[in-house]
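Taking it in order: structure first as structure tokens, then the write-up.
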Amino acid sequence: MCGIVGATSNRNVVPILLEGLKRLEYRGYDSAGIGIIKGETIHSWKATGKVKELEACIAAAPDTAQTGIAHTRWATHGKPLKHNAHPHRSDRLAVVHNGIIENHSGLRKKLKEQGYEFNSDTDTEVIAHLLASHYRKSEDLLVALRNTLNQLRGAYAIGVIHEDQPEMLYCARQGSPLVIGVGSEEHFIASDPLALLQVTDTFVYLEEGDHAVISPCGIKQWDASNNPKQVNSQRYEHAEHSMEKGEYRHYMLKEIHEQPAALRDTLTGLFTEDRVLTAILGPEAEKRLHEVQNIHIVACGTSYHAGLVARYWIEDIAGLACNVEIASEFRYRRVAVPANTLLVCISQSGETADTLAALRHARHEGYLATLAICNVPGSSLAREADWRLLTKAGPEIGVASTKAFTTQLAALLWLSAALAQTHGAPPEITGEIVRALHGLPSQVEQALQQDAEIQRLAERFANKQHTLFLGRGPLYPIAMEGALKLKEISYIHAEAYAAGELKHGPLALVDESMPVVSVAPNCQLLEKLKSNLEEVRARGGQLINFACETADMQDQDGITHIHMPWVNSCIAPILYTLPLQLLSYYVALVKGTDVDKPRNLAKSVTVE
Ligand code: F6R
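Okay, here's the thing in structure tokens:
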């Protein structure tokens, strides 16, 4: 979604704002803008397209300033046109905003009646004029900000500068993330710490309803009831991870190849040689996990697919009932919560609006406890859940989630084993999982060596418009994930089916022009899957099958098998994800799409 950066310093902040915008570009990227205070006048530049277009505008008429705000936009209200890019101006102030103001049309009408002219189609411009109208009355920007916030409904993170206070930057958060970066005689704001890692690794995480004023020499922070708050800063834990692409052509490819290390880091400290360690969830964890009788999992997109795999594991390994639901559905319905149910929210970013809302909705539903499985330590989800299990994938920049997904799966397999162990499962069962997880990073390294073979296969998709993905058991959600990856970065329509469902309808789509991708580890469902694949072959479908080397499947007319190393079936969903990630990556290259920033998508979906 949109990204905000702001800075107030004794040095020129324009390069800091531009660099911050580039680092935030992965969140949204249809237009960008910067507003700075030069002397006592606000100057702004806006451009459609990528941040480099904005950079070119600034290079044509360079300027310096010590205070400024900047924004990269992912259009919600109003097309991605220059006049809709932020910052938005009113009187002597400028505003950048991330989120959606739900009551903007009512406010717009009232402001127009007061004589304010609107120059954009955005909801954000309402904030600028509201602030200006309150400032005209109070002549106090803090009061004006509070009065404005009281009138806004919806989600926002905002940054405000005013010509009357050239060193000050005002900000507020409700429903959309915002952090304050702490420097030496300089302070910053951003939607994501990643935007500011070039200038600081210390952050203040604003809570819901907080607002703050920063200047080079200080930070003042208040809660939603305007009570002053102690300013608590924390060091960013991922600071040592590189944000550069290095030798890789795209972030996505880099992130695919980072998976062995990401898995190693995520699993460190979670096991002994053959037992699960639960202390990571706190001293009471062993006892509380023992009380759990049901699990509800809530997430969106790729993280939802991780939850679907976990259902197979939790029911099979721990013998506990598990429900998995899309967060945007869960948050708006009355949920029947059986006694002793654990709610698990999965999110790479920890800022996905629907997942966060689901967690908040669940507070009143009588859950035993809530657990966030999350990749961003300081995120709202990680801070608001009772327990957090952090994946250590490092920053994920490519819009298509890769290493975050496989580390979520590893964390969920750990959770399944932890629940089994605390419910008295025989040590052989948990021991087998623990040993499989110990060997996982090196098996992932091995699976990644198929890169070149998969790249050749991708050529076959050059003129395709539709693809089917098939899997069975816990590999069915992996087929869903493979289909999602392909559609989001190559724009080929892809659908996943549990292979047994094929003859109940989708088989009608299969002919010689339809590629069908399947995942076939050597598990108990293999023979059933083989029959399903024959159904496809008999209709002339072109099958690409990722199969275990021990599965006794050879290439025949219409079927290409890519042999995968043998793995314990419990980690097969993690391993079989890799060739599907590589396939979608190379198909996207063949199609010539923007792999890291696919059209219409944003990395962190902070609005509903
Ligand atoms: C797809 C993808 C999305 C995210 C979804 C949830 O590749 O990345 O489907 O998985 O938007 O995001 P998080 O995990 O940050 O809650």
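With positions in the sequence shown counted from 1, the corresponding number in our numbering is that position plus 1128. Quick reminder that beta carbons are idealized off the backbone N, C-alpha and C, glycines included.
Just verifying my parser: in three-state terms, what is the DSSP assignment at residue i?
| i | result |
| --- | --- |
| Q1326 | coil |
| G1559 | helix |
| F1331 | strand |
| H1211 | helix |
| C1502 | strand |
| H1199 | strand |
| T1678 | coil |
| T1688 | strand |
| Q1574 | helix |
| S1544 | helix |
| K1415 | helix |
| F1589 | helix |
| H1205 | coil |
| F1316 | strand |
| R1363 | strand |
| F1246 | coil |
| G1309 | strand |
| K1656 | helix |
| A1486 | helix |
| S1431 | helix |
| S1159 | strand |
| V1404 | strand |
Would the C-beta of residue i count as close to ligand 1, meaning under 8 Å from any of its heavy atoms?
| i | result |
| --- | --- |
| C1428 | yes |
| I1474 | yes |
| V1723 | no |
| V1735 | no |
| T1480 | yes |
| E1616 | yes |
| T1483 | yes |
| A1538 | no |
| K1382 | no |
| S1544 | no |
| L1518 | no |
| A1283 | no |
| V1527 | yes |
| L1612 | yes |
| S1477 | yes |
| K1531 | no |
| S1732 | yes |
| S1431 | yes |
So who's on the other strand from residue i, going by DSSP bridges?
| i | result |
| --- | --- |
| W1350 | H1339, P1356 |
| L1470 | I1423, A1497 |
| Q1670 | P1643 |
| N1226 | A1285 |
| N1451 | H1424 |
| Y1298 | V1288, V1341 |
| R1516 | A1500 |
| Y1625 | L1598 |
| L1221 | S1218, H1290 |
| H1171 | I1164 |
| A1648 | A1675 |
| A1135 | G1196, F1316 |
| T1534 | BP columns for T1534 are empty, so no partner. |
For my contact list, residue i and residue j are in at a C-beta cut-off of 8 Å; report their separation, rounded to the angstrom.
| i | j | result |
| --- | --- | --- |
| I1197 | L1277 | Contact doesn't hold; Cβ gap of about 17 Å is too wide. |
| L1324 | I1132 | About 11 Å separates the two Cβ atoms, so there is no contact after all. |
| T1734 | N1226 | 6 Å |
| L1273 | V1254 | With 8 Å as the limit, L1273 and V1254 do not qualify as a contact, their Cβ atoms being about 14 Å apart. |
| L1541 | W1441 | 6 Å |
| A1679 | L1603 | The Cβ separation is near 12 Å, so there is no contact. |
| L1259 | Q1279 | Wrong, their Cβ atoms sit about 10 Å apart, outside the cutoff. |
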